[in-house]
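Sequence order for the protein chains is A and B.
Per my numbering, residue 1 is the first one in the first sequence, and the count goes up by one each step.
Per my numbering, residue 1 is the first one in the second sequence, and the count goes up by one each step.
In this text, a Cβ means the ideal position worked out from N, Cα and C, and glycines have one as well.
Every value quoted in this text rests on a predicted model; they were computed, and no experiment measured them.
There are 2 protein chains.
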Amino acid sequence: MIELTKEYIENLKGIISEKDDAKIKETLDELYPADIAELYQELNLQEAIYLYLLMDGEKAADVLMELDEEDRHKLLKELPNELIAKRFVDNMETDDAVDLMRELDEDTQEEILSHIEDVEQAGDIVDLLKYDEDTAGGLMGTEMIVVNENWSMPKCIDEMRKQAEDMDEIYYVYVVDDDERLRGVLQLQKLITNPSVSKIKHVMKKDPISVRDSDSIEEVTETIEKYDLVALPVVDSIGRLVGRITIDDVMDEVREQHERDYQLASGISQDVETSDNVFTQTAARLPWLLIGMIGGIGNSLILGNFEGNFAVNPKMALFIPLIGGTGGNVGIQSSAIVVQGLANNSLKEGNIVPQILKEAVVSLINASIISLVVFIYNFFMLGDRAITASVSLSLFAVVMFASIFGTLVPMTLDKLKIDPALATGPFITITNDIIGMMIYMFISSTLAG
Amino acid sequence: MIELTKEYIENLKGIISEKDDAKIKETLDELYPADIAELYQELNLQEAIYLYLLMDGEKAADVLMELDEEDRHKLLKELPNELIAKRFVDNMETDDAVDLMRELDEDTQEEILSHIEDVEQAGDIVDLLKYDEDTAGGLMGTEMIVVNENWSMPKCIDEMRKQAEDMDEIYYVYVVDDDERLRGVLQLQKLITNPSVSKIKHVMKKDPISVRDSDSIEEVTETIEKYDLVALPVVDSIGRLVGRITIDDVMDEVREQHERDYQLASGISQDVETSDNVFTQTAARLPWLLIGMIGGIGNSLILGNFEGNFAVNPKMALFIPLIGGTGGNVGIQSSAIVVQGLANNSLKEGNIVPQILKEAVVSLINASIISLVVFIYNFFMLGDRAITASVSLSLFAVVMFASIFGTLVPMTLDKLKIDPALATGPFITITNDIIGMMIYMFISSTLAG
Chain A
1 MIELTKEYIE NLKGIISEKD DAKIKETLDE LYPADIAELY QELNLQEAIY
51 LYLLMDGEKA ADVLMELDEE DRHKLLKELP NELIAKRFVD NMETDDAVDL
101 MRELDEDTQE EILSHIEDVE QAGDIVDLLK YDEDTAGGLM GTEMIVVNEN
151 WSMPKCIDEM RKQAEDMDEI YYVYVVDDDE RLRGVLQLQK LITNPSVSKI
201 KHVMKKDPIS VRDSDSIEEV TETIEKYDLV ALPVVDSIGR LVGRITIDDV
251 MDEVREQHER DYQLASGISQ DVETSDNVFT QTAARLPWLL IGMIGGIGNS
301 LILGNFEGNF AVNPKMALFI PLIGGTGGNV GIQSSAIVVQ GLANNSLKEG
351 NIVPQILKEA VVSLINASII SLVVFIYNFF MLGDRAITAS VSLSLFAVVM
401 FASIFGTLVP MTLDKLKIDP ALATGPFITI TNDIIGMMIY MFISSTLAG
Chain B
1 MIELTKEYIE NLKGIISEKD DAKIKETLDE LYPADIAELY QELNLQEAIY
51 LYLLMDGEKA ADVLMELDEE DRHKLLKELP NELIAKRFVD NMETDDAVDL
101 MRELDEDTQE EILSHIEDVE QAGDIVDLLK YDEDTAGGLM GTEMIVVNEN
151 WSMPKCIDEM RKQAEDMDEI YYVYVVDDDE RLRGVLQLQK LITNPSVSKI
201 KHVMKKDPIS VRDSDSIEEV TETIEKYDLV ALPVVDSIGR LVGRITIDDV
251 MDEVREQHER DYQLASGISQ DVETSDNVFT QTAARLPWLL IGMIGGIGNS
301 LILGNFEGNF AVNPKMALFI PLIGGTGGNV GIQSSAIVVQ GLANNSLKEG
351 NIVPQILKEA VVSLINASII SLVVFIYNFF MLGDRAITAS VSLSLFAVVM
401 FASIFGTLVP MTLDKLKIDP ALATGPFITI TNDIIGMMIY MFISSTLAG
């Protein structure tokens, strides 16, 4: 493995500027596609294009898919569509090709498809593009080794030899019947341990785990994680094998899902990276800040009704941050536990009522402890019985409310098939802040007004 | 694939109560270990143990590792250590065996090791237990196919046939030199495409991607994700092949890391599941609530210094939630972007100054917009110029401070090799809330006091 040190990069830039093609090719041969993609960030567009045109098609295609979407588009813009078709799309695995095509507009898609020389590849891409992006069909590729259950092992090996040639890695061999229906999986070690079996079906693993082409990506990631698979066959409505999904794509999906949840919980409304420009970052962050601002103004209107009380008893104002903050903290905890439970399937549909009951007990303990501690503190330090009582009563009510609310909202969203993670973060904080103010003002103006 | 419907489970419970061993075995044969583990939750301990003793050793071992840690321990407690050794540990992959051993106390570990019949297996487990749990060595297993670079393909296939017998799945064959140093990887399709090559080293992939046994788990997950691998060889300090890490273990690590980050950001201080009991949940959630409570009391002390101002101008109190809430929202956004950037490596060490500058520009835009909107609103609606000016000035200052603070704290923690995710969630909200109150009180008491 080669480390991309500063010297290494300087050296490479030197070779590029000398246009020493032989040496550049030698260097590129040593590097993995993911490393070349990393290198790309250190090069200017001209240097990058120069490098690209020296790579063989398959490597160039791999590098292209390892780039950030933004960098990929910069590069593609500089290249004629015919070259994109012949150098990249023709050499890609079909699932990558489909991902790439989905990033382009329809005209470009069609032009590129018309330039693909391998008709089978073009046909597969067109077929795959018909699937919804968020389904197993939208994630799968068609590169796989398929054999018939009635073949003998030597015939299989012969056939595999033909099919395997333009394939990168093979983990499983899928076995189908005469109607193309998935019947089994052949582990590669059987090639060695049973080299002369008369029918594949005698050594294959029957009833393999598979997904439907219309299954959601969540079902795909769940299945592959649950059964510890590295690839998953995809079948159509009548059980015919139509493709396979590999674990690297599933891992990317899992990471994206996690990042999305994390960002939603942090009040960032669209996928954003540290490398994104100022405008993108602002656009991702301003919406929740504005909603928070509206919430804050709403709070000022609620509190405005009690201006007179503040004038008479200004101590009432001192505990506004405590009440609001505690409500927010409790609400976020509760909603995060639900969102995570739904995401990792530990929270099942039938468990809703027990979960709320358990949440109520946990909140009861937390609410009692916090209210009591604050009560003791205020009793000795504040010297105002009415406020002391109002603050602890309000805290108790706010913690109970915030936790039940924080549990119910994501559960309800999930039932309505809306992403429950939407209900975390600023939404919960802001809502609990407002309700908390109402509760506090009502109780304190009654007791201390 | 079989669905675990209610009827299916009722039916199975019936067979168990009838002790119809033949039928139970038949049923178990149809199910994958992950399904049997799921089934376990529907059975009582006696039923579960009954099932376990009917499974063959390898399946029983797989099922055991698919169970929750809590369920696993309940089951193990009921079984003699000798049986655990012979049925489970002897039949497990070494990495799973080590995971299991780490969950047990030292006496039990030793007793189990003494009962393992396969001395090589016991030796491997003892060796693996020496590695730190958070390193590649702690995650790896020793099951792999290893061949010598100077062997011919037929000799290789012969050797692989011997080694492959007790192996579940084979994805790569590792190639070493005479000193056991890792030299290459042999893709399984080469067995088919080059069946008679005279030396493996002519067809192997040279310079394979590997990790050191002392590398951190983060390095392992990064490497396996970057290069889209399904297994990763592990070498020692002089390059000898000592083990391999499979992608299913890496995926588990990635998920755990994400869940930890998400929980830290939500103010949950230890790994907690919806299924955990009330006490565990309270223990995980109370600490941050208490810290938030202390922050809230701190805020009441700050505001207490300005009691007189509230009495004179109660309007000052109305905007406390707006200032505190906005500071919290901004701070969480900023820290989340940094934590995520550090986690997915898009934020590199050298980028700290540019990142802070970019953050400052984004905040400048957000701060200006929010302050301006609130200014316009208050100008027309509030009828108090001093407060109107104070609120907008404070909002501006709070947004700027909160974003820079939210960026700097996780970056600093990362530099100090502390998990930056610790700085997200309640920590940022509470700190920004307090500083926000100070800024607001200082400005408003100066302008409106």
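Cα-Cα separation between residue i and residue j, rounded to whole angstroms
i	j	result
B/L229	A/A402	44 Å
A/D249	B/E222	15 Å
B/Q242	B/W288	Here residue 242 of chain B is Val; the residue named in the question, Gln, does not match the sequence. Approximately 43 Å between the Cα atoms of the pair.
B/D271	B/Q263	8 Å
B/I15	B/A37	18 Å
B/I450	B/I356	With chain B running from 1 to 449 in the structure shown, residue 450 of chain B is simply not present.
B/A283	B/L186	50 Å
B/Y8	A/E82	56 Å
B/R183	B/V176	5 Å
A/Y503	A/M251	Given a span of 1 to 449 for chain A in the structure shown, any question on residue 503 of chain A remains unanswerable.
B/A60	B/G138	23 Å
A/N344	A/E225	10 Å
A/S237	A/D215	11 Å
B/I376	A/G308	25 Å
Beta carbon of residue i nearer than 7 Å to that of residue j
i	j	result
A/Y440	A/S394	yes
B/Y172	B/A136	no
A/G267	B/I332	yes
A/P195	A/M153	yes
B/I112	B/I84	yes
A/P426	B/N329	yes
A/I217	A/D134	yes
A/I245	A/V220	yes
B/T274	A/G341	yes
A/Q189	B/A164	yes
A/I434	A/N299	yes
B/V197	B/V211	no
A/D96	A/M65	yes
A/D178	A/A421	no
B/G296	A/G325	yes
Coarse secondary structure for residue i, derived from DSSP in three states
i	result
B/N148	strand
B/G184	strand
B/Y32	coil
B/V175	strand
A/F319	helix
A/P450	Beyond the ends of chain A as shown, which are 1 and 449, falls residue 450 of chain A; an answer cannot be given.
B/I24	helix
B/D433	helix
A/P287	helix
B/S334	helix
B/N11	helix
A/G267	coil
A/S275	coil
A/F306	coil
A/S444	helix
B/T280	helix
Check: residue i C-beta below 6 Å from any heavy atom of the ligand FAD
i	result
A/L53	Among the components modelled here there is no ligand, and therefore nothing to report on the ligand FAD.
Beta carbon proximity, residue i to chain D, threshold 7 Å
i	result
A/A22	The chain inventory of the structure shown lacks chain D, comprising the protein chains A and B.
Exercise for the section: Could you run through the stretch 381-411 of chain A and flag, in chain order, every residue whose CB is less than 7 Å away from some CB of chain B? Expected result: none
Problem - Any alpha helix (DSSP H) of 4 or more consecutive residues that is wholly inside the stretch 375-421 of chain B - result: 385-415
Exercise for the section: Give the residues from the stretch 351-373 of chain B that approach chain A closer than 7 Å (Cβ to any Cβ), ordered along the chain. Expected result: Q355, K358, V361, V362, I365, N366, I369, I370 and V373
Exercise for the section: Check distances from the C-beta atoms of the stretch 59-93 of chain A to those of chain B and list, in chain order, the residues that come in under 8 Å. Expected result: none
Problem - beta strand (DSSP E) runs contained entirely in the stretch 186-265 of chain B, provided each spans 3 or more residues - result: 231-235 and 241-246
Exercise for the section: Could you pull out every unbroken alpha helix (DSSP H) segment of at least 4 residues lying fully inside the stretch 87-167 of chain A, listed in chain order? Expected result: 94-102, 106-115, 119-129, 136-139 and 153-164
Exercise for the section: Anything in the stretch 283-299 of chain A with a Cβ closer than 8 Å to a Cβ of chain B? List those residues in chain order, please. Expected result: R285, L286, W288, L289, L290, G292, M293, G295, G296, I297 and N299
Handout entry: Interface positions of the stretch 133-158 of chain A facing chain B (Cβ-Cβ less than 8 Å), listed along the chain
Key = I157
Practice task
Taking only beta carbons into account, state which residues of the stretch 37-52 of chain A come closer than 7 Å to chain B, listed in chain order.
Solution key: none
Practice task
Please name the residues in the stretch 324-336 of chain A whose beta-carbon is closer than 9 Å to at least one beta-carbon of chain B, in chain order.
Solution key: From the stretch 324-336 of chain A, only G324, G325, T326, G328, N329, V330, I332, Q333, S334, S335 and A336 have a Cβ closer than 9 Å to chain B.
Problem - Contacting positions in the stretch 163-181 of chain B - beta carbon closer than 8 Å to chain A - result: Against chain A - using a Cβ distance shorter than 8 Å - the residues of the stretch 163-181 of chain B are A164, E165, M167, E169, I170 and Y171.
Problem - Residues within the stretch 196-220 of chain B neighbouring chain A, beta-carbon criterion of under 8 Å - result: Those would be D207, I209 and S210, in chain order.
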